[in-house]
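K.L.:
Residue numbers (this note's numbering): 10 to 381.
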């Protein structure tokens with residue numbers, strides 16, 4: 010059995026707190042009172058009353074700080090807050106929380122003057138894992154008085170709120186980001202609708218194009234929402250963009266390493282790929298069974314390169330005039346990636362190539378290579 014004993018109190022009657030641990034891991038504690046604790050000089054009797062019940066039964070983490078040095082006694086519910094920090098039982102408050110003493114000492118002093126103090130989600134820098142960390146706690150300090158009303162210590166009820174504070178802050182940031190994204194999305198939708206109707210020959214054609222583009226935008230948004238809201242894996246973006254063309258999916262080969270794209274990249278790439286696939290279905294390689302599309306991306310030196318290449322389809326020629334789809338590919342894609350986009354109408358098929366500096370991307374790569 011390992012045991013330890015600490016003194017509680019200053020001059021006059023004293024209380025000795027003992028804690029022990031049996032070889033089987035069971036723990037025990039006890040109090041030994043020395044001196045006259047029943048009369049007017051027995052200032053510790055009342056603050057110590059009921060301590061054994063408190064240690065064993067209270068669900069909330071609670072501590073009593075007793076005597077001039079505020080010697081600590083706590084219940085079992087307080088132990089998880091300590092982490093790897095040695096148990097403060099029988100030790101002065103200023104010693105066992107030395108790193109946090111400056112932050113809490115004003116509240117302790119107020120309590121020892123007879124005030125009840127409550128502070129919520131208070132930030133305290135503590136060391137309970139071998140290094141300093143920020144924690145958040147809600148404290149309720151109440152003075153402990155003897156029979157004569159003299160403050161002999163304090164009762165400290167504490168609830169750690171670190172997780173809830175961080176979650177609330179994260180939620181506020183996320184809500185702000187969602188509002189910002191909503192405004193951006195509405196602006197994109199407005200621009201797409203306006204340009205689609207202006208560049209279409211008939212209302213039916215405009216409606217079909219608008220529905221396809223908005224569906225693509227919605228799918229891209231779903232990809233973002235299913236991941237970390239700020240970035241998405243390029244393969245997921247590609248798959249969602251090409252989903253409306255499932256009947257030709259066997260003719261499309263996709264390959265490239267894992268890359269995470271920022272939100273602005275996700276939307277512009279999704280719209281551009283959807284336009285390329287739509288044109289391939291109407292005029293290019295996907296109009297015939299033997300036609301093929303190869304879509305790949307890679308790192309070349311300091312550049313990120315993405316290429317859409319059609320082969321095996323009918324001969325293609327560059328259209329006399331460019332529409333909104335061409336604008337999405339040539340201008341919007343290039344601007345959002347801060348790179349260059351070339352769109353070549355070769356006789357053996359369309360080739361679209363995006364080149365941008367690797368540093369322009371918000372992404373994480375791994376050594377693993379995927380091909381489909």
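For each residue, glycine too, the CB sits at the ideal point set by N, CA and C.
Do you know how far the Cα of residue 163 is from the Cα of residue 19?
P.N.:
The predicted position of residue 19 is uncertain, since its pLDDT is 45 and thus under 50; no value can be drawn from it.
K.L.:
Report yes or no: do three or more beta-carbon pairs, one from the region 91-99 and one from the region 109-127, lie closer than 8 Å?
P.N.:
No, because fewer than three Cβ pairs between the region 91-99 and the region 109-127 fall closer than 8 Å, the two stretches do not touch.
K.L.:
Please check the pair residue 225 and residue 280, which I expect to be a contact at CB under 8 Å, by giving their CB distance rounded to whole angstroms.
P.N.:
Yes, residue 225 and residue 280 are in contact; Cβ-Cβ is about 6 Å, under 8 Å.
K.L.:
I need the DSSP call for residue 345, collapsed to helix, strand or coil.
P.N.:
In the structure shown, residue 345 sits in a helix (DSSP, three-state: H, G or I).
K.L.:
Might you give, ordered along the chain, the residues of its own chain that have their beta carbon closer than 6 Å to the beta carbon of residue 151, omitting 5 neighbours on each side?
P.N.:
Only 125 and 164 meet the Cβ criterion.
K.L.:
For the candidate residues 356, 316, 325 and 331, whose alpha-carbon lies nearest to that of residue 349?
P.N.:
Cα-wise, what sits closest to residue 349 is 316.
K.L.:
Who are the near neighbours of residue 362 in its chain, counting only those whose CB is closer than 6 Å to its CB and skipping five residues on each side?
P.N.:
Correct list, in chain order: 316 and 351.
K.L.:
Of the residues 206, 144, 230 and 295, which one's Cα is nearest the Cα of residue 173?
P.N.:
Taking only the C-alpha atoms, the option nearest residue 173 is 144.
K.L.:
Helix, strand or coil: which one does DSSP assign to residue 291?
P.N.:
Helix at residue 291.
K.L.:
Please state whether DSSP places residue 200 in a helix, a strand or coil.
P.N.:
DSSP places residue 200 in helix when its eight states are reduced to three.
K.L.:
Using the C-alpha atoms, what's the distance from residue 136 back to residue 264?
P.N.:
Those two C-alpha atoms are separated by around 48 Å.
K.L.:
Using DSSP with H/G/I as helix, E/B as strand and the rest coil, what is residue 263?
P.N.:
Residue 263: strand per DSSP, three-state reduction.
K.L.:
DSSP three-state call for residue 268: helix, strand or coil?
P.N.:
Here residue 268 sits in coil by DSSP.
K.L.:
Going by beta-carbon coordinates alone, are residue 367 and residue 333 separated by less than 8 Å?
P.N.:
Against a cut-off of 8 Å, the Cβ pair of residue 333 and residue 367 comes out as no contact.
K.L.:
Under DSSP, the beta strand (DSSP E) around residue 318 begins and ends at which residues?
P.N.:
Where residue 318 is concerned, the enclosing beta strand (DSSP E) stretches over 312-320.
K.L.:
Determine, using beta-carbon pairs with one atom in the region 266-274 and one in the region 290-303, whether at least three such pairs fall under 8 Å.
P.N.:
Not touching, per the Cβ criterion.
K.L.:
Per the contact definition of three or more C-beta pairs closer than 8 Å, is the region 214-231 in contact with the region 244-258?
P.N.:
Segments in contact, yes.
K.L.:
Could you check the C-alpha separation between residue 364 and residue 341 for me, to the nearest Å?
P.N.:
Spanning the two alpha carbons is a distance of roughly 14 Å.
K.L.:
Would you call residue 127 buried or exposed, if buried means 16 or more other Cβ atoms sit within 10 Å of its Cβ?
P.N.:
Counting Cβ neighbours within 10 Å, residue 127 comes out exposed, since fewer than 16 surround it.
K.L.:
Near residue 206, which residues of its chain fall below 7 Å by C-beta distance, leaving aside the five closest residues on each side in sequence?
P.N.:
Cβ within range, chain order: 215.
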